[in-house]
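K.L.:
Following full-length UniProt numbering, the numbering of the sequence shown begins with 1 at its first residue and continues without gaps.
We put the CB at the ideal spot given by N, CA and C, even for glycine.
Before anything else, here's the structure in question.
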Amino acid sequence: MTKRRRRYLTATMPDGYVKTIGPTADSFTHYWRIVAELENGKTEVFWGHTRSLAEARKKRAPAQDAAKARGWKSFAFEIAELVETPAPGPEG
Numbered sequence: 001m002t003k004r005r006r007r008y009l010t011a012t013m014p015d016g017y018v019k020t021i022g023p024t025a026d027s028f029t030h031y032w033r034i035v036a037e038l039e040n041g042k043t044e045v046f047w048g049h050t051r052s053l054a055e056a057r058k059k060r061a062p063a064q065d066a067a068k069a070r071g072w073k074s075f076a077f078e079i080a081e082l083v084e085t086p087a088p089g090p091e092g
């Protein structure tokens with residue numbers, strides 16, 4: 001049995017936000033993020049990762065339903081490709 005290699009995956013969003021996940025042996029390819037603007041002016045962020053672009057795109061419809069159900073003023077739904085990156089070094 002072959003052990004799957006663990007790696008770090010990084011997504012860079014259009015606004016410059018960088019999200020790194022890992023170490024993981026999973027075959028994730030895309031990161032999705034919902035930034036919801038609430039009625040009181042605050043924001044909430046929801047995110048996840050998927051194994052295909054098609055799977056990530058399927059998150060858009062539930063986001064629209066959530067916006068209606070939760071009374072969001074607006075929301076942004078974004079998808080970014082995950083790329084393999086070197087393991088982060090020690091902090092300091």
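For the beta strand (DSSP E) containing P23, list its first residue and its last residue.
P.N.:
Stepping through the sequence shown from its first residue, residue 23 is reached at position 23. From DSSP, the beta strand (DSSP E) with P23 extends over 18-24.
K.L.:
If we ignore side chains and look at the alpha-carbon of each, how far apart do G92 and D65 end up?
P.N.:
Translated into the one-based positions of the sequence shown, residue 92 becomes position 92. Translated into the one-based positions of the sequence shown, residue 65 becomes position 65. Interpretation of G92 is limited by its pLDDT of 42, a score under 50 that renders its predicted location unreliable; the figure taken from the coordinates is listed afterwards. Roughly 43 angstroms between the two C-alpha positions.
K.L.:
As a quick exercise: from L38, A56, E37, T43, pick the residue whose alpha carbon is nearest that of L82.
P.N.:
For the purposes of this step, residue 82 is taken as residue 82 along the sequence shown, with counting starting at 1. Nearest of L38, A56, E37, T43 to L82, Cα basis: A56.
K.L.:
Note the first and the last residue of the continuous beta strand (DSSP E) segment covering E55.
P.N.:
What you label residue 55 is simply residue 55 of the sequence shown in a count that begins at 1. From DSSP, E55 is part of no beta strand (DSSP E) but of the alpha helix (DSSP H) over 53-57.
K.L.:
Buried or exposed: where does L9 fall if 16 or more other Cβ atoms within 10 Å of its Cβ makes it buried?
P.N.:
Within the sequence shown, residue 9 is the residue found at index 9, counting from 1. Result: buried.
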